[in-house]
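Each residue of the sequence shown is one higher than the one before, starting from 780 at the first, in our numbering. Backbone N, C-alpha and C define an ideal beta-carbon position, used for all residues, glycine too. See below for the structure under consideration.
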Amino acid sequence: MTGPHLHLLGGFDFAGVGAAVPVFSRKARAMVAYLALQSGHSQSREKLATLLWGVNSETQARMSLRQAVSSVRKAMHASGGRFMTDGDKIALHLDGLDFDVARFEALAASSAPEDLEQALLVYRGDLLDGFGLKAEPFEDWLRIERERLRAMAVAALDKLVAHYSATKDPASCVRAATRLLAMEPLREDIHRVLMRAYAAQGRINLALRQFEHCRDALQRELKLQPEPETRHLQEELRTRRMMPQATSRTAAPASSASPARAGERPAFENEPMRPPTHYVKSAGINIAYQVTGDGPIDLIYVPGWVSNLDLAWASPRLSHVLRRLGTFSRLIRMDKRGTGLSDRNVGLPTMEERIEDVRAVLDAVGSKRTVLFGSSEGGPMCMLFAATYPERTAALVLNGAYASGRWSRGYPWAKTSEQVEEDLAVVEREWGAAADMSNAAPSLMSDTFEREWFAAYLRNSASPADAIALWRWGTEIDVRDILPAIHVPTLIVQTAGDRWIKREEGRYLATHIEGARYIELAGRDHVMWGENSDRLVDEIQAFVTGALPAAPGERVLVSVLSVEIEGSDAGADPIERHAEDIRAELLVAEGRQIRRSASGFLAVFQRPTRSIQCAIAIRHRLRQSGLDVRAAVHTGECEERSDDFSGIAIDLSSRLLDHARPGEIIASRTVRDLVVGSGLTFEEHGEMEASGLPGVLAFFTVDGG
């Protein structure tokens, strides 16, 4: 949601109109939340002071309340909310704001399944999740309201489970029942519903495993055994598993196979056959890829950090996920340049080189429109591809992905540079030993086979030096500025307790990608073959097999180059006199001139590095004629109309040009963040404000020779 809004479910999130997000004190946030839930109803100042500042003196409490009211009133005035004071009374009216609690309550009161599904999308978590005050009256109120709204979410899930059971929709039933059990793990009736839904899909092993989850939860929390009805269902499912017809389904038998139990090495004959590996050239580099599955949808999986196509099949858990993905898609997988079976020792890549590698693989397999599935560091690659090539992107799926790899004030959840170096020291020290899964997959810590396999997988994916360099490279990625340019259907799946990627990072993506659907799973595993693997695949299948809209319109992500020629020998029309040189460099860099004047021109490129290289080449050519070139580059969204482009990226590139001195090339922070690994160096130059941007835009001088 990018408009003015007040969201309290899952945490406190307030944004006004075209301004930086205001910074409220904890007490001010508590006051806003309290008044919002009583929206339109006046509250006395005495009541609010007692609720939030009861431990202070009456004078101090009143002063603190006035300060909080003043800070909130300023933010609300520009956002559509109305903060009303009338003598001793205070009221908050939210007429112009999207208020998630009110929207949730209205949708949850409906009996229509589509409304209930929307209600659960709005319910991102408990009211003010993670928020608390050392103020007993407020804590009492918050506890009651949390329980009330949570009960509404549970009731909505109960209705959906009943509806999907009655309409024989096991996939949707699995999704709803799994979320309900995450909120109420001791609901034995829902455990049975989930067992039956798995069985209806032919996934008997998962149904039996669900019985084990039910039994363990009841024993651990209540010291009880499952009810007779649950035990009878287990026996029935065990009998069905022994019958040949239990596995004779339309989908491939392997799709219902369950991963081996923890620590168990699968029998050799049950290990999946490895598919053939193919290669395609991308800018002279051999990129390895494999294709499996025969579903009607093309889906390419872009992994994080490092990978090895062949070794992936040696893990019973990961191969299970890959085979399930192949039941509803033609699954395309690749090893990124410098890793796995692709060419090694090719130097650090740029983001744009890697998305061109993705495009080369898709061209090789004849995929015209593809679902992009990126996990961890593969997520930013897929985001950039979706923004750059919307016509090639059917949908975007992100799991455990992030927008920025390093801590900053605007992105405080990533690790600091010091923490990154500490992590790298651990990687280097422990490389080759049985993998420490405490961060990647805590649920697999006791699984000796998976730990040994994962260590071998990493060893065969990159050398220690390359792995460390690629890890550091991944932390330098920042794609925050391109998120508003993504206009494809997007699913974001985030594990709440992920120790690598915080759930706030998943929520950040959902907030900044238009129309994104956000699903938060319980658990701690970061890797996609961890404890939530089947739930993850269920969500992806439900999302991508739904009706996907037609190809997107004419909004595109481009890098805009503005150039101005100066010098005593420039003459009346230097662009015309040097048109052949300029045209030659644009052709090499795959640029497209869209406007020109007597002394300057505008050009657009799909790849930001190419735009800078083109500016450097033109500067070098014209310098030989005694001319100075000023240039500026910015990457952003534009609207393409026939042979022209318009939009804020055009305006910003032109405005940046005003800051360039003769002979200088200026690039925005957006460009700098997208060309990590290019070998170009950037020096801070300044900042500027621009309408349509949240805050200031930093820009840099480019040093590229």
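Distance CB(residue i)-CB(residue j) smaller than 9 Å
{"i": "V1408", "j": "I1445", "result": "no"}
{"i": "L1016", "j": "L987", "result": "yes"}
{"i": "E1135", "j": "L1453", "result": "no"}
{"i": "L1088", "j": "D1114", "result": "yes"}
{"i": "I1079", "j": "L1141", "result": "yes"}
{"i": "R1400", "j": "G1370", "result": "no"}
{"i": "L907", "j": "A812", "result": "yes"}
{"i": "A881", "j": "Y902", "result": "no"}
{"i": "D879", "j": "H784", "result": "yes"}
{"i": "W1210", "j": "R1238", "result": "yes"}
{"i": "V1316", "j": "A1174", "result": "no"}
{"i": "A996", "j": "L965", "result": "yes"}
{"i": "L844", "j": "A809", "result": "no"}
{"i": "M1307", "j": "G1158", "result": "no"}
{"i": "L1127", "j": "S1154", "result": "no"}
{"i": "E1231", "j": "L1223", "result": "no"}
{"i": "T1167", "j": "R1109", "result": "no"}
Where the alpha helix (DSSP H) containing residue i begins and where it ends
{"i": "M1160", "result": "G1157 to T1167"}
{"i": "Q897", "result": "P892 to V901"}
{"i": "T1254", "result": "P1243 to T1254"}
{"i": "S1447", "result": "S1447 -> not in any alpha helix (DSSP H); beta strand (DSSP E) instead, spanning I1444 to S1447."}
{"i": "E1466", "result": "Run containing E1466: none in the alpha helix (DSSP H); it sits in the beta strand (DSSP E), T1460 to E1468."}
Option nearest residue i by Cα separation, candidates the options
{"i": "L959", "options": "A950, I969 and S951", "result": "I969"}
{"i": "S1447", "options": "I1429, G1456 and G1458", "result": "I1429"}
{"i": "G789", "options": "G833, R929 and R1251", "result": "R929"}
{"i": "A828", "options": "S1154, R975 and F917", "result": "F917"}
{"i": "I1397", "options": "Q1385, I1354 and L1476", "result": "I1354"}
{"i": "V848", "options": "L1237, R861 and V1475", "result": "R861"}
{"i": "R1451", "options": "V1475, T1414, M1467 and R1420", "result": "T1414"}
{"i": "V1059", "options": "V1144, L1104, L1090 and D874", "result": "V1144"}
{"i": "E1284", "options": "G866, A1182 and T864", "result": "A1182"}
{"i": "S1378", "options": "I1344, Q1403 and H1357", "result": "I1344"}
{"i": "E1468", "options": "I1427, G1456 and T1460", "result": "I1427"}
{"i": "L1435", "options": "R1102, R994, V1342 and E837", "result": "V1342"}
{"i": "H820", "options": "S1217, K868 and T1018", "result": "K868"}
{"i": "S1146", "options": "T1172, W1084, A1166 and S1155", "result": "T1172"}
{"i": "R1325", "options": "A950, D792 and S890", "result": "Residue identity differs from the one stated: residue 1325 is Gly in this sequence, not Arg. Minimum Cα distance to G1325 is reached at A950."}
{"i": "R1489", "options": "A1410, S1432 and K1194", "result": "An answer regarding residue 1489 cannot be provided, because it is not within the stretch 780 to 1484 covered by the chain."}
{"i": "N984", "options": "Q1198, P1007, T1018 and T1227", "result": "T1018"}
{"i": "T1449", "options": "Y1287, L1459, L1476 and E1443", "result": "L1476"}
{"i": "I1111", "options": "G1074, P1095, T1480 and Y1287", "result": "G1074"}
Limits of the unbroken beta strand (DSSP E) element including residue i
{"i": "D1077", "result": "I1076 to V1081"}
{"i": "T1149", "result": "T1149 to S1154"}
{"i": "D1142", "result": "That residue, D1142, is in no beta strand (DSSP E); its alpha helix (DSSP H) goes M1130 to V1144."}
{"i": "D1482", "result": "V1475 to D1482"}
{"i": "R1434", "result": "Looking at the DSSP string, R1434 is not in any beta strand (DSSP E); the run it does join, the alpha helix (DSSP H), is I1427 to L1436."}
{"i": "F793", "result": "D792 to A794"}
{"i": "A1174", "result": "T1172 to N1178"}
{"i": "T1227", "result": "Where T1227 is concerned, there is no enclosing beta strand (DSSP E), although the alpha helix (DSSP H) it sits in stretches over T1227 to R1238."}
Backbone secondary structure at residue i - three-state DSSP
{"i": "F917", "result": "helix"}
{"i": "A1213", "result": "coil"}
{"i": "F1384", "result": "strand"}
{"i": "L965", "result": "coil"}
{"i": "G1415", "result": "strand"}
{"i": "T1118", "result": "coil"}
{"i": "E1207", "result": "helix"}
{"i": "E1343", "result": "strand"}
{"i": "S1061", "result": "strand"}
{"i": "H1528", "result": "For residue 1528 there is no data in the structure shown, the boundaries of the chain being 780 and 1484."}
{"i": "H786", "result": "strand"}
{"i": "I1066", "result": "strand"}
{"i": "F1107", "result": "helix"}
{"i": "Q1403", "result": "coil"}
{"i": "S1338", "result": "strand"}
{"i": "T957", "result": "helix"}
{"i": "A1193", "result": "coil"}
{"i": "L1365", "result": "helix"}
{"i": "S1457", "result": "coil"}
{"i": "R1282", "result": "helix"}
Closer than 8 Å: residue i CB and nearest the ligand NAP heavy atom
{"i": "W1308", "result": "The model depicted lacks the ligand NAP and carries no ligand whatsoever."}
Worksheet item: Enumerated in chain order, which unbroken segments of the beta strand (DSSP E) with a length of 3 residues or greater are wholly contained in the segment 817–892?
Response: For the segment 817–892, whole beta strand (DSSP E) runs of length 3 or above, ordered along the chain, are 861–865 and 868–872.
Within the segment 986–1020, ranges of the beta strand (DSSP E) (whole runs, at least 3 residues) = DSSP runs (the beta strand (DSSP E)) wholly in the segment 986–1020: none.
Exercise. In chain order, which continuous runs of the beta strand (DSSP E) of length 3 or greater are located wholly inside the segment 1285–1334?
Worked result: If we require 3 residues or more, the beta strand (DSSP E) runs fully inside the segment 1285–1334 come out as 1296–1300.
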